[in-house]
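A.B. asks: Chains as they are written, first to last, in my numbering: chain A, 1 to 253; chain B, 1001 to 1253; chain C, 2001 to 2305; chain D, 3001 to 3305.
Here a beta-carbon is modelled for each residue, glycine too, at the ideal position from N, C-alpha and C.
Input: one structure, supplied below.
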Amino acid sequence: MLIVNSPVEEIKEIQKDIFLQKIYSPEIARQIKPGQFLNIRVSETVTPLLRRPFSVCDVEGDYIFIMFNIFGEGTKILSHKHKGDTIDILGPLGNGFNISDDFDTAVIVAGGLGAAPFPYLTRLLKDKFEIFSFIGGRSINDVITFNLVNVKTATDDGSLDYFGNVVQLFEENLSSLKNKKLKVFGCGPNAMLRALKDVCISNNINCEVSTECAMACGFGICQGCPIESTEQSDKYLLVCKDGPVFNVKDVII
Amino acid sequence: MLIVNSPVEEIKEIQKDIFLQKIYSPEIARQIKPGQFLNIRVSETVTPLLRRPFSVCDVEGDYIFIMFNIFGEGTKILSHKHKGDTIDILGPLGNGFNISDDFDTAVIVAGGLGAAPFPYLTRLLKDKFEIFSFIGGRSINDVITFNLVNVKTATDDGSLDYFGNVVQLFEENLSSLKNKKLKVFGCGPNAMLRALKDVCISNNINCEVSTECAMACGFGICQGCPIESTEQSDKYLLVCKDGPVFNVKDVII
Amino acid sequence: MSKIDLSVNIASLKLRNPIMLASGTVGYGNEIAEFVDLNKIGAIVTKSLSLKPRKGNPPQRITETPAGMLNAIGLANVGVEVFLKEKIPFLKQYDVPLICNIAASSVEEYVECTKILTEEETIKAFEINVSCPNVKEGGLQFGNNLSAVGKVTEKVRAVTNKPLIIKLSPNVSYISEFAKVVKDEGGDAVSAINTLVGTAFNIFTRKPKVQNVFAGLSGPAIKPVALAKVLEIHQKVDIPIIGIGGIMNWKDVVEFMIAGASAVQIGTLNFIDPTAPIKIIEELEKYCEQMSITSISELTGSYII
Amino acid sequence: MSKIDLSVNIASLKLRNPIMLASGTVGYGNEIAEFVDLNKIGAIVTKSLSLKPRKGNPPQRITETPAGMLNAIGLANVGVEVFLKEKIPFLKQYDVPLICNIAASSVEEYVECTKILTEEETIKAFEINVSCPNVKEGGLQFGNNLSAVGKVTEKVRAVTNKPLIIKLSPNVSYISEFAKVVKDEGGDAVSAINTLVGTAFNIFTRKPKVQNVFAGLSGPAIKPVALAKVLEIHQKVDIPIIGIGGIMNWKDVVEFMIAGASAVQIGTLNFIDPTAPIKIIEELEKYCEQMSITSISELTGSYII
Ligand SMILES: Cc1cc2nc3c(=O)[nH]c(=O)nc-3n(C[C@H](O)[C@H](O)[C@H](O)COP(=O)(O)OP(=O)(O)OC[C@H]3O[C@@H](n4cnc5c(N)ncnc54)[C@H](O)[C@@H]3O)c2cc1C
Ligand SMILES: Cc1cc2nc3c(=O)[nH]c(=O)nc-3n(C[C@H](O)[C@H](O)[C@H](O)COP(=O)(O)OP(=O)(O)OC[C@H]3O[C@@H](n4cnc5c(N)ncnc54)[C@H](O)[C@@H]3O)c2cc1C
Ligand SMILES: Cc1cc2nc3c(=O)[nH]c(=O)nc-3n(C[C@H](O)[C@H](O)[C@H](O)COP(=O)(O)O)c2cc1C
Ligand SMILES: Cc1cc2nc3c(=O)[nH]c(=O)nc-3n(C[C@H](O)[C@H](O)[C@H](O)COP(=O)(O)O)c2cc1C
Ligand code: FES
Ligand code: FES
């Protein structure tokens, strides 16, 4: 865990309303793993007060990338940063995806901005594993396939490709993946993660998801980010410290 | 009184730590008079919450100018504006200097950033009146003579010219101004204005000063900016609405 | 023309929309009228009036704090007589419900003020300020004392038939107890909240930043507290609530109404953007349209807990 | 080496400097130790401990507000037993006064917790939390009730000789009355303030943003209120005060000390910049140097009113 002031190198709108920010941050780049996140202070003033969590989207040499849309005040300020402005980063935080289990085929299932952590995961896996990416969104503009490979897409309104949600799309494609040792990596809204969990558990597929939740600190001191554990009903796990990536078997989403 | 969103045209540091901001604001430029002020919202967020008052420093065609130093959070944000950023201006506010009295010689007496309103006054007066400008500061770096004419300067520490305060300098020069119909225009810290008032009253010189005080609204609705009147002890005048320029006879500074 | 009904009722007072301008933040209406078409506003509340004119506190009266401001104006006002003679004529020109806010240092003075003002037909309701933190007498002495609030309500009620609103102090543990007393003594509605007691010091001079030392905190900083007070009253007492505290935009208005407010007042925001009240009214209409709300009063207390 | 004496005393507790880390904002010290050299801090206060472990409230537990945040963690904690077994060993490694904060839902539970913990010599003092707004039992029920605060102080005092600090609720009209009771019943100091009661709603779902509905407001937004509470206590009661609420930098610390605090606690700021406490200590030293203050405790209550 570091706190660094890192200069923005570039910010671009990779598709309508979706921003990719490239940040020069060698220390973080060296340490961070896919699925881990950064807690970013977007302003020196007291509004917004708290840091904002973002998944590491990708790493290239000394540069890290984050991907976001303008959601509220914090992301708006972030989108207005100029090259050379510095941003205050606390990270790397949380546990990333476990990529040393026993699998030969990685399946990425993402909804909307849930695609954010996967360019980096894809970069690390693509030479050694087969990858299938199932990417969904409400509508054509919400489908983000940036730097992913072997992509199939779904939209809730049918405006692009498969008409339905991304978990249905994944499920329909399951038969074609039958003889592989799968591991599923999921990220997206909770409703989607719940559906994904059901599919994976009933098909006995190893699945990790990156979860989201309101956070204050990001490193375990505020207790602001509880998530119900399947094993212990007498205490919560913390999304920031015990997650944000969990095996679906371990948490009640 | 208008509320306008006006683009910054240029911002430059005219001397160490002193900024001059040029703003394209034809509506304000058309109406504003020397000694009037603007109440500026420096940020869209709620910190800083209140607008910040600034004297109009100068007007050139469709452009207005303000002059400031970095005092706190608000002026810091203002100093970071880029060309093209807009700023939210409420103005013109208050009463300016009265330049239609009976005088033939204008005497400007200013301390520190109290020089801010005088480039504009000088511009309007210089063709028709003789002007003498007495400008003081704590030290050489605090003396601002930008766009003033016929200037004599004083510093509290003697680092530039006259060793002493600017009111003393003015007083010592009074004899040379004896046969003129003087009007004094003053602006600066309260202690300076009090001294200036004493000198002018004992020498029977017509004198107006621009006063300062914490403000919330700037146009008379908050009652936040009282100043004691010499005439009515049962109520205060308001700096924003009845001033900020007052004849020294009318107020207890 | 839109089909959305923005009108709300506070007891027998009918407002064309829930947006009122708060006491002490619009003077007597004349300055703000340069920015706001008063005929479009729900209601305007005067600066607190006392029987005699008050000079108010010496400077410095205000200072800024994180997302808020402290003020100790000290109820500077022209007094009832000058108000009737010099301020009412201006306000008469507009078709906007005028609510007179009254501050006093004794029950008798509250009663006396109300008696005089109730004769003036331009005045449509009274808001009794029992909660100003910035004066030595009256103010919090009344506002934090249940029986004093009861007494003031009872006695003022006896001298006017116009809607009677009591503006409550937030500087108490259980504001709903005060709302209950107001209801029991015949008050028609409560306003919540007035400012929170606060202070600030200059760390170099060690003097208070506001001359009066203690001052009233307003602005967005207090919004969560104000919402909790409104919700507490709504859950415990059946009385119309006017929500006040830190409103900066239409979303804040909706939030107050969901928490239990029938109408709201805009205070500090008037200093920052005096055109905001009108913008807010327009945006509220859009929100209702988008959410298929036909009458904005449906929002009041519509929280799902 | 500097000649400035930053040390302060809270009753018999001597701190190397006035910067303490507030309960609930540093867990049990292990995470924050990655950023802060605990050996440089004035004192560390644990998350509120209860007799048995508490799961705390379901999510969502926090939300942001203008210059502040609301939390309703619900006193999630490991309980006294696990604390002693698993958390104390880590804290033992450091030369920093450890203050145990205790929360309970009955006077008996407060007493029981204190009895057990007072045996542990690593624990240098107790801070009794009678003011948590986020739990159904205990919490404000105690904190807003004078005789309950008196009773808790008296009974806990009877079972420990270690310095006893009572953490007061700001959700009362006159906090100094509570400080007085604490003093009368043998408490050594008071902490002021805990969070203000607040709430927030989602305007589209109409649900509370924090699952518990009512939550505690902290952060810079509350600083003026906290300062006023500290000042009120200082003016009325002769008892050491630990100032808490919205501290973001060294200037805020000085402001609290001028208003009457002997030491301060840093809360929400730890979430935003866990390295801040150390920076603040360094900057306080510079301020003292600049102002020719030889002992920082001179600042306490040095307001000029
Ligand atoms: C581990 C993690 C990784 C994330 N990765 C990304 C990413 O890569 N790209 C991206 O665009 N967004 C990501 N998010 C969400 C991102 O943090 C929010 O979009 C961001 O906080 C919005 O800030 P804002 O000021 O624009 O919006 P505002 O609405 O003004 O503020 C958001 C506030 O709401 C709170 N909040 C409430 N619920 C949630 C929730 N479920 N998630 C987050 N914040 C919540 C936050 O704590 C914050 O205070 C991630 C969140 C988490 C927890
Ligand atoms: C009529 C008028 C004209 C002015 N003209 C100029 C000018 O031309 N150039 C310039 O540099 N400055 C001018 N000032 C002062 C300027 O407004 C302050 O420097 C500015 O508010 C500082 O803001 P900040 O956020 O940087 O400082 P901060 O210290 O963060 O904030 C200043 C805050 O302090 C309050 N305050 C307290 N006392 C005073 C006081 N005596 N004057 C102003 N604010 C006070 C303000 O209301 C504001 O909320 C003028 C002030 C007034 C009233
Ligand atoms: C400068 C100022 C003066 C005020 N004067 C009065 C007053 O005279 N009477 C009164 O009842 N409330 C007064 N108030 C309180 C406001 O009406 C309102 O209750 C409070 O400011 C909270 O709302 P806000 O956060 O929207 O400002 C005043 C507030 C401010 C900021
Ligand atoms: C997330 C969070 C959890 C807290 N938990 C506790 C607690 O367990 N016990 C306690 O006495 N105070 C608790 N507090 C209150 C703080 O100790 C402190 O009194 C308050 O936050 C005000 O200070 P601040 O504005 O610096 O945060 C908590 C505060 C926050 C923000
Ligand atoms: S965000 Fe603070 S503990 Fe997880
Ligand atoms: S600044 Fe509001 S009345 Fe003068």
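Using a Cβ-Cβ cut-off of 8 Å, state whether Met3020/D counts as contacting chain A.
C.D. replies: Judged by the 8 Å Cβ criterion, Met3020/D is not in contact with chain A.
A.B. asks: Below 7 Å between beta carbons is the criterion; list the residues of the region 2147 to 2179 of chain C that meet it against any residue of chain D, in chain order.
C.D. replies: Taking 7 Å as the upper bound on Cβ-Cβ separation, chain D lies near residues Asn2171, Val2172, Ser2173 of the region 2147 to 2179 of chain C.
A.B. asks: Report back the beta-carbon spacing between Val3149/D and Val3181/D to the nearest angstrom; my notes put them in contact at under 8 Å.
C.D. replies: 6 Å
A.B. asks: Which first and last residues belong to the beta strand (DSSP E) in which Gly3079/D is found?
C.D. replies: Segment 3079 to 3082 is the alpha helix (DSSP H) holding Gly3079/D; no beta strand (DSSP E) there.
A.B. asks: Beta carbon of Pro117/A, beta carbon of Pro34/A: below 8 Å?
C.D. replies: yes
A.B. asks: So which residues put a beta carbon under 7 Å from any heavy atom of ligand 6, going in chain order?
C.D. replies: Met1215/B, Ala1216/B, Cys1217/B, Gly1218/B, Phe1219/B, Gly1220/B, Ile1221/B, Cys1222/B, Gln1223/B, Gly1224/B, Cys1225/B, Leu1238/B, Val1239/B, Cys1240/B, Lys1241/B, Phe2271/C
A.B. asks: Should Arg52/A be counted as a contact of ligand 1 given a C-beta to heavy atom distance under 7 Å?
C.D. replies: yes
A.B. asks: I'd like to know if the region 3117 to 3131 of chain D and the region 3084 to 3092 of chain D are in contact, where contact means that at least 3 CB-CB pairs between them fall below 8 Å.
C.D. replies: Contact holds between the region 3117 to 3131 of chain D and the region 3084 to 3092 of chain D, because three or more Cβ pairs, one in each stretch, are under 8 Å apart.
A.B. asks: According to DSSP, simplified to helix, strand and coil, what is Met2001/C?
C.D. replies: For Met2001/C, the pLDDT reaches just 48, beneath the cut-off of 50, and the residue's location in the model is therefore unreliable, although a value from the coordinates is still provided. Here Met2001/C sits in coil by DSSP.
A.B. asks: Under 7 Å from any heavy atom of ligand 7, does the C-beta of Ser55/A make it?
C.D. replies: Only ligand 1, ligand 2, ligand 3, ligand 4, ligand 5 and ligand 6 can be found as ligands here, which leaves ligand 7 out of the picture.
A.B. asks: Rounding to the nearest angstrom, what Cα-Cα distance links Tyr120/A and Ile108/A in this structure?
C.D. replies: 12 Å
A.B. asks: DSSP three-state label for Asp3184/D, please.
C.D. replies: helix
A.B. asks: Between which two residues does the beta strand (DSSP E) containing Asn2009/C stretch?
C.D. replies: 2008 to 2010
A.B. asks: At which residues does the beta strand (DSSP E) containing Lys1152/B begin and terminate?
C.D. replies: 1151 to 1155
A.B. asks: DSSP three-state call for Thr105/A: helix, strand or coil?
C.D. replies: strand
A.B. asks: Taking Cβ to Cβ, would you say Tyr3110/D is nearer than 8 Å to Ile3099/D?
C.D. replies: no
A.B. asks: Return no unless some Cβ of chain D is closer than 8 Å to the Cβ of Val2237/C.
C.D. replies: Contacts with chain D at 8 Å (Cβ-Cβ) do not include Val2237/C.
A.B. asks: Only counting the same chain, and skipping five residues up and downstream in sequence, which positions put a Cβ closer than 8 Å to that of Ser3292/D?
C.D. replies: Shown here for Ser3292/D: not one same chain residue has a beta carbon closer than 8 Å to its own, the five before and five after excluded.
A.B. asks: Could you tell me whether any non-hydrogen atom of ligand 3 is closer than 7 Å to the CB of Thr230/A?
C.D. replies: no
A.B. asks: With DSSP collapsed to three states, give me the class of Pro1244/B.
C.D. replies: strand
A.B. asks: Nearest CA to the CA of Asn1204/B: which residue from Leu1020/B, Val1248/B, Ser1079/B, Asp1142/B?
C.D. replies: Val1248/B
A.B. asks: Is the beta carbon of Ser1067/B within less than 7 Å of some heavy atom of ligand 2?
C.D. replies: A quick correction: the sequence has Met, not Ser, at residue 1067/B. Indeed, a heavy atom of ligand 2 lies less than 7 Å from the Cβ.
A.B. asks: Return the residue from the list Ala1214/B, Asp1142/B, Ser1202/B, Asp1161/B that minimises the CA-CA distance to Ile2062/C.
C.D. replies: Ala1214/B
A.B. asks: Within this structure, are the beta carbons of Ser3143/D and Leu3168/D separated by less than 8 Å?
C.D. replies: The sequence as given places Gly at residue 3143/D; Ser does not occur at that position. Yes.
A.B. asks: Using the three-state DSSP reduction, which class does Tyr3110/D fall into: helix, strand or coil?
C.D. replies: helix
A.B. asks: Quick one: using the 10 Å Cβ neighbour count with 16 as the cut-off for buried, is Met2001/C buried or exposed?
C.D. replies: In this prediction, Met2001/C scores a pLDDT of 48, lower than 50, which makes its location untrustworthy; the coordinate-derived value is nonetheless stated afterwards. Label assigned to Met2001/C: exposed.
A.B. asks: So is Ile2073/C in contact with chain B if we call contact Cβ pairs under 8 Å?
C.D. replies: yes
A.B. asks: Below 8 Å on the Cβ atoms is my contact criterion, and I expect Val3237/D with Ala3192/D to pass it. Report the Cβ-Cβ distance as a whole number of Å.
C.D. replies: With 8 Å as the limit, Val3237/D and Ala3192/D do not qualify as a contact, their Cβ atoms being about 11 Å apart.
A.B. asks: In chain A, which residues lie with their C-beta within 7 Å of the C-beta of Thr3275/D?
C.D. replies: Ile3
A.B. asks: Would you mind sorting Leu20/A into buried or exposed? The rule is 16 or more other CB atoms within 10 Å of its CB.
C.D. replies: buried
A.B. asks: Going by beta-carbon coordinates alone, are Ser1139/B and Thr1155/B separated by less than 8 Å?
C.D. replies: yes
A.B. asks: Indicate, with yes or no, if ligand 1 has a heavy atom lying under 7 Å from the CB of Pro48/A.
C.D. replies: Because some heavy atom of ligand 1 lies under 7 Å away, the Cβ of Pro48/A counts as near it: yes.
A.B. asks: Starting from Glu73/A, find everything on chain B with Cβ-Cβ shorter than 8 Å and list it in chain order.
C.D. replies: Thr1045
A.B. asks: CB of Leu2013/C to nearest heavy atom of ligand 1: below 7 Å?
C.D. replies: For ligand 1, not one heavy atom lies less than 7 Å from the Cβ of Leu2013/C.
A.B. asks: Below 8 Å on C-beta distance, what does Thr2063/C contact in chain B?
C.D. replies: Ala1214
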